[in-house]
Amino acid sequence: MAEELRQYKQVTCTINGKKRTTMVDVRASLTDMLRNDYRLTSVKKGCEVGECGACTVLIDGEAFDSCIYLAVWADGKEIITLEGLEGPNGELSDIQQAFIDETAIQCGFCSPGFILTAKEILDSGVLYTDDELRKLLSGHLCRCTGYENIFQAVKKTMYKRLGKKLPT
Amino acid sequence: MIVGKSIPRIDARDKATGRTMYTDDLCDRRALIAKIKHSTVAHAYVKSVDISEAEKIPGVVKIVTCFDVPDFKFPTAGHPWSTDPHHQDVCDRVLLTKHVLYYGDDVAAVVAEDEISAADAVRAIKVEYEELPFVLDVQEAMKDGAPQLHEAYPNNILNHTSYRSGNYEEAIKDPGLIKVEGWYDTPTVQHCHIENFVCFASRENEKLVVVTSTQIPHIVRRVVGQALGIPWGRVRVIKPYVGGGFGNKQDVLYEPLCAFLSESVGGRLVKLECTREETFCNNRVRHAIRSHITTYCRKDGTLVARKLECFSNQGAYASHGHAIVAKGMGAFHQLYPCPNVESDSWTVFTNRQVGGAMRSYGMAQAIFAVESHSDDICRAIGMDPMEFRRKNLMPKGYVDPFSKNEQYYDTFNQCFDKGAAYIGYNEKYKAYQNQSGPVRRGIGFAPLWYNTAVWPIALETAACRMILNQDGSVQMQVGDTEIGQGADTAFSQMAAETIGLPFDKIHILSCQDTDVTPFGTGAYASRQTYVTGMAVRDCAERLKDKILKTAYRYTRMQPYLMDIQDGNIVRVTDGRVLMSVGDLAMSALYDLDNSIHITAETTTQTKSNAYSFGCCFAEVEVDIPLCRVRLLNIINVHDCGRLINPALAAAQVEGGMSMGIGYALSEKMIYDQKTGRLLNGNLLDYKLSTFMDHPHLEAQFVENYEPTSAYGTKALGEPPVVPVAPAIRAAILQATGVPMYELPMDPHQLFRRFKEEHLI
């Protein structure tokens, strides 16, 4: 594609707490922008059509498949990628630590997306039932874990945050 | 004890923070983008390729067609090389083909400055075909006069092997025998690792460097050399972290083409990334295998004579070929010893996706057939399925004359007892007999059998290198690969245990680089804890020996009076700490009289193999009018020897169970019979199990120490997928009385069968 045929637009958004501006191809997805322009490589590409959930980011607190979200739509939005969850001194958030403790990570390719959707679920402050949790997490595909330990990580963190005792 | 502890995997923190770099994350933004022109017919000769319009598209750098590639034929299977030409893999691939063998075959490739121009150019390439008739079904493909795929293989038969023991034909003449016969069909499915295949290649100082998402870096190096006709030493392959493989990446995929495209643009950096649709259509798939089993037995379940015929759908190219169905066929006579056995297996080319390795390597197909048939026998003679298994399964003390594998324990009974107790099998089996009504429950189970590694079929070798650092820590390098299963953590635990160091003193080089890491054939055959474990043990013992011999200089104690415990050199006679390993390393390295850098390196060849066992129990609820199965409870029990890391082992089992559930209930690649085109090659239409499709997955173990193993361990990576589908089939059978003969047991299948059996 020749340069003269391209259409660019300026996009200003907050990414992981910092205001950033760049010019993007109007056809570019938010995945493209985050990976290519900002090198936020935790945003993974697994299908690029919104089926697998690996590219999930939080947009104004809500989990989205960034592969089917145009980069230009991000203008004025607040974006959080997995890189944004780590504290300034490398502190892990509770859900990241839970993924480690519960052996919820294997190849790790789906993990960034899962952790961000889990953050959205946990930040809601709602105590969900098992069935509700499964439904809320079902936008993500994982081939390594059978979802079992991911479920345990999210559920245990949910109970911990709400100060409730995990039912046995 | 470090072996046996559930230590978090060493890469968990990086993966939880998104820092882990996978292949695409490492690719420089300057890379040129390669895209492939795939055929839109299933079988044809390419008459011409018109690239005139495509070349005009701005940003296009180079277009290569099937008429421009070298004629070096190469294989793609991730098998060890054989110096015996008769045992080498079939060389039936060229980089781009003039003879299209499946819908989607590779005809031309574009290198462009960006993805959009590359995609536009691929669309603008015009291919003229001389179309040929095609064939998708194995039985059709074997017929005389069927469309012929490869000249050298009449009737499309890639290979046919047989096994005979006793005299089947004589034995079945006994008039008192009961005959049970069935056909069992398994579908074509795909691995669906979440990271699609991706690689990039460039030339650095006359060396071809390929960075790729693979399970088998050292084999990729060899095949790139074969495909481009260059010495293997000129190829350097780097394997970063891998986002899942499951056998698909145990094939050489597009690394040779990407390397060739880089060479064709002067060695510039070229990236080739598969889309999800290409991963389905143009990588590898699990072989669909159709099995026909006939059993003659007595009323008490005694097996007298058995016959097995398996037909494996290879698809268009040989890849792993006959090895898959041959492994499955081997299970038949070992799992159920019987005096008179005839088995035959055929691997047959068809104009479909290429069958390769996939988690369980033919065993999921074989065990579905064999165990479904076991339940059919029980039904025919009115025998309890558990009693039949306990009576007939490979007993303790069984030795396979070929592999020399031995059943050292009463494993099957131990596994059955554990699984049955967890799920409440005996009570539920009784309670679910003779149900009526539209919604019914059932419970079932199936055993599994698996070999560890590939000896004696092929070479088993592994290498390890250890270097003592100044601080008393150890750098470890192996040629075998971490692909998500946790191999690096397991190897580190083994090394720490044998040398006598704390776990955090082992630094494994997680990413393989064929110019740096020693040789290893890679992640497959559930081999690495067993085979690579032997290299780690041997290397660790050599390093420890060197450390203690060097310590003599500084402690004046004989090496046999010393041991290494928790990072210290300890006098064994009184337990006194003499010095730390770190102090020794410093003293030895910076010694002004006699400096020593303490290192060890070893290659171990493994000439043994080990049976791995287990079982699955499943409980289902079947809604007959809706033709739907709901999985209520499921447990896998495995005897994979001693567990190196119980939490990681359980995680492996859960992932395998999930794959087994998909295989049983929902996954299937569907073909357009009119064109041969794959119709559901994407994650929306291909029904991978989601979070909603699983109950709790329970994983338990029977830890029988494997006597032949360096750390008492044996295969676990692949076995968990194996027994799930037949266990679910048995549960559906108990609930409805209807045996299923085809996977997946989805509503389409249930509707057909319930109609046939007049349930609806």
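Each protein sequence line maps, in turn, to chains A and B. Read in order, the letters of the first sequence correspond to residues 307 to 474 in the working numbering. Read in order, the letters of the second sequence correspond to residues 32 to 791 in the working numbering. Note that beta-carbon positions come from the ideal geometry of N, C-alpha and C, so glycine has one too. These numbers come from a predicted model, not from an experiment.
Per DSSP, the bridge partner or partners of residue i
| i | result |
| --- | --- |
| Ala232 (chain B) | B:Val241, B:Val301 |
| Leu322 (chain B) | According to the sequence displayed, residue 322 (chain B) carries Ser and not Leu. Its beta-bridge partners are B:Tyr215, B:Cys341. |
| Lys425 (chain A) | Bridge partners of Lys425 (chain A): none, in fact. |
| Gly672 (chain B) | B:Thr744 |
| Met525 (chain B) | DSSP output for Met525 (chain B) lists no bridge partner at all. |
| Thr320 (chain A) | A:Lys325, A:Glu384 |
| Ile94 (chain B) | B:Val141 |
| Asp331 (chain A) | A:Tyr314 |
| Phe105 (chain B) | B:Arg124 |
| Glu652 (chain B) | B:Arg472, B:Arg661 |
| Pro478 (chain B) | B:Cys646 |
| Phe457 (chain A) | Looking at the DSSP assignment, Phe457 (chain A) forms no beta bridge with any residue, so it has no partner. |
| Val733 (chain B) | None; Val733 (chain B) has no bridge partner. |
| Arg317 (chain B) | B:Val220 |
| Lys270 (chain B) | B:Gln543 |
| Gln506 (chain B) | B:Ile498, B:His538 |
| Glu357 (chain A) | For Glu357 (chain A), which the question treats as bridged, DSSP gives no partner whatsoever. |
Beta-carbon proximity check, residue i vs residue j, cutoff 9 angstroms
| i | j | result |
| --- | --- | --- |
| Met593 (chain B) | Leu574 (chain B) | no |
| Ala756 (chain B) | Gly691 (chain B) | yes |
| Lys68 (chain B) | Val121 (chain B) | no |
| Ile398 (chain B) | Val356 (chain B) | no |
| Ala746 (chain B) | Arg558 (chain B) | yes |
| Thr48 (chain B) | Gln412 (chain A) | no |
| Leu303 (chain B) | Cys312 (chain B) | no |
| Val567 (chain B) | His538 (chain B) | no |
| Val142 (chain B) | Lys93 (chain B) | yes |
| Thr96 (chain B) | Val72 (chain B) | no |
| Phe476 (chain B) | Ala451 (chain B) | yes |
| Gly414 (chain A) | Ser689 (chain B) | no |
| Lys210 (chain B) | Thr310 (chain B) | no |
| Asn713 (chain B) | Glu308 (chain B) | yes |
| Asn227 (chain B) | Gly445 (chain A) | no |
| Asn108 (chain B) | Gln281 (chain B) | One point to set straight first is that residue 108 (chain B) is Ala, not Asn, in the sequence displayed. In contact: Ala108 (chain B) and Gln281 (chain B) (Cβ atoms closer than 9 angstroms). |
| Phe291 (chain B) | Val100 (chain B) | yes |
Residues, ordered as in the chain, of the segment 405-417 of chain A that lie near chain B by beta-carbon distance below 9 angstroms: Taking 9 angstroms as the Cβ-Cβ cut-off against chain B, the residues of the segment 405-417 of chain A that qualify are Phe405, Ile406, Asp407, Glu408, Thr409, Ala410, Ile411, Gln412, Cys413, Gly414, Phe415, Cys416, Ser417.
Beta strand (DSSP E) runs contained entirely in the segment 576-648 of chain B, provided each spans 3 or more residues: The segment 576-648 of chain B contains these whole beta strand (DSSP E) runs: 593-596, 599-602, 608-611, 630-636.
Under 8 angstroms (Cβ pairs) to chain B, residues found in the segment 360-391 of chain A: Within the segment 360-391 of chain A, the residues whose Cβ lies closer than 8 angstroms to some Cβ of chain B are Ala360, Thr387, Leu388, Glu389, Leu391, listed in chain order.
contact_flag[the segment 664-678 of chain B, the segment 332-352 of chain B] where n(CB pairs < 8 angstroms) is 3 or more: In short, these stretches do not touch, since the Cβ pair count stays below three.
Residue ranges of each alpha helix (DSSP H) within the segment 50-86 of chain B, 4 or longer: Uninterrupted alpha helix (DSSP H) stretches at least 4 residues long and entirely within the segment 50-86 of chain B occur at 54-57, 83-86, given in chain order.
Near-chain B residues of the segment 426-441 of chain A - C-beta to any C-beta below 7 angstroms: Going along the segment 426-441 of chain A in chain order, one finds Arg440, Lys441 with a Cβ nearer than 7 angstroms to chain B.
Residues, ordered as in the chain, of the segment 443-468 of chain A that lie near chain B by beta-carbon distance below 9 angstroms: Going along the segment 443-468 of chain A in chain order, one finds Leu443, Ser444, Gly445, His446, Leu447, Cys448, Arg449, Cys450, Thr451, Gly452, Tyr453, Glu454, Asn455, Ile456, Phe457 with a Cβ nearer than 9 angstroms to chain B.
Minimum length 3: unbroken beta strand (DSSP E) runs contained in the segment 351-411 of chain B: Counting only runs of 3 or more, we get 371-380.
Ordered list of alpha helix (DSSP H) runs contained in the segment 118-164 of chain B, each at least 4 residues: Here the runs fully enclosed are 146-155.
The segment 312-339 of chain A: positions lying closer than 7 angstroms to chain B by Cβ: So nothing in the stretch comes that close.
Alpha helix (DSSP H) runs contained entirely in the segment 359-445 of chain A, provided each spans 4 or more residues: The alpha helix (DSSP H) runs of length 4 or more contained entirely in the segment 359-445 of chain A are, from start to end of the chain, 400-407, 417-429, 436-443.
Residues within the segment 261-274 of chain B neighbouring chain A, beta-carbon criterion of under 9 angstroms: The segment 261-274 of chain B vs chain A, Cβ under 9 angstroms: Tyr272, Val273, Gly274.
The segment 518-530 of chain B touching the segment 469-481 of chain B, judged by at least three CB pairs closer than 8 angstroms: Taking 8 angstroms as the limit for Cβ pairs, the verdict is that the segment 469-481 of chain B does not touch the segment 518-530 of chain B.
Runs of beta strand (DSSP E) wholly within the segment 170-216 of chain B (minimum 3 residues, chain order): Runs found: 188-196, 209-216.
Selection of the segment 33-53 of chain B by Cβ proximity to chain A, strictly under 9 angstroms: Result list: Ser37, Pro39, Arg40, Asp42, Ala43, Arg44, Asp45, Lys46, Ala47, Thr48, Gly49, Arg50, Thr51, Met52, Tyr53.
Near-chain A residues of the segment 492-523 of chain B - C-beta to any C-beta below 8 angstroms: From the segment 492-523 of chain B, only Ile514, Gly515, Gln516, Gly517 have a Cβ closer than 8 angstroms to chain A.
Interfacial residues, the segment 224-236 of chain B to chain A, with Cβ spacing under 8 angstroms: Taking a C-beta cut-off of 8 angstroms against chain A, the contacting residues of the segment 224-236 of chain B are His224, Ile225, Glu226, Asn227, listed in chain order.
At least three beta-carbon pairs within less than 8 angstroms, the segment 769-786 of chain B to the segment 475-489 of chain B: Too few Cβ pairs lie closer than 8 angstroms, so no.
Three CB pairs or more closer than 8 angstroms across the segment 147-166 of chain B and the segment 318-335 of chain B: By the Cβ rule, the segment 147-166 of chain B does not count as touching the segment 318-335 of chain B, because fewer than three pairs are nearer than 8 angstroms.
Given 8 angstroms, three or more beta-carbon pairs between the segment 363-382 of chain A and the segment 339-349 of chain A: Counting C-beta pairs closer than 8 angstroms gives three or more between the segment 363-382 of chain A and the segment 339-349 of chain A, which meets the contact rule.
Near-chain A residues of the segment 696-713 of chain B - C-beta to any C-beta below 9 angstroms: Listed by position along the chain: Asn713.
contact_flag[the segment 107-117 of chain B, the segment 42-57 of chain B] where n(CB pairs < 8 angstroms) is 3 or more: With the rule of 3 Cβ pairs closer than 8 angstroms, the segment 107-117 of chain B does not count as touching the segment 42-57 of chain B.
Contacting positions in the segment 671-689 of chain B - beta carbon closer than 7 angstroms to chain A: Hits within the stretch, in order: Ala678, Leu679, Ala682, Glu685, Gly686, Met688, Ser689.
Inter-stretch contact (C-beta, 8 angstroms, three-pair minimum) for the segment 358-366 of chain A and the segment 412-424 of chain A: The segment 358-366 of chain A is in contact with the segment 412-424 of chain A.
Complete runs of the alpha helix (DSSP H) confined to the segment 421-473 of chain B [at least 4 residues]: Counting whole runs of 4 or more residues, the segment 421-473 of chain B contains the alpha helix (DSSP H) stretches 442-454, 456-462.
The segment 425-442 of chain A contacting the segment 699-711 of chain B, beta-carbon criterion three pairs below 8 angstroms: Touching, no.
Meets three-Cβ-pair contact criterion under 8 angstroms: the segment 126-136 of chain B and the segment 57-66 of chain B: Contact fails: fewer than three Cβ-Cβ distances are below 8 angstroms.
Interface residues of the segment 459-488 of chain B facing chain A [CB-CB below 8 angstroms]: For the segment 459-488 of chain B, no residue has a beta-carbon sitting nearer than 8 angstroms to a beta-carbon of chain A.
contact_flag[the segment 400-408 of chain B, the segment 189-199 of chain B] where n(CB pairs < 8 angstroms) is 3 or more: No, the segment 400-408 of chain B does not touch the segment 189-199 of chain B.
Residues of the segment 339-353 of chain A whose Cβ lies closer than 9 angstroms to any Cβ of chain B, in chain order: Per Cβ criterion, the list reads Arg341, Asn342, Arg345, Leu346, Thr347, Ser348, Val349, Lys350, Lys351, Gly352, Cys353.
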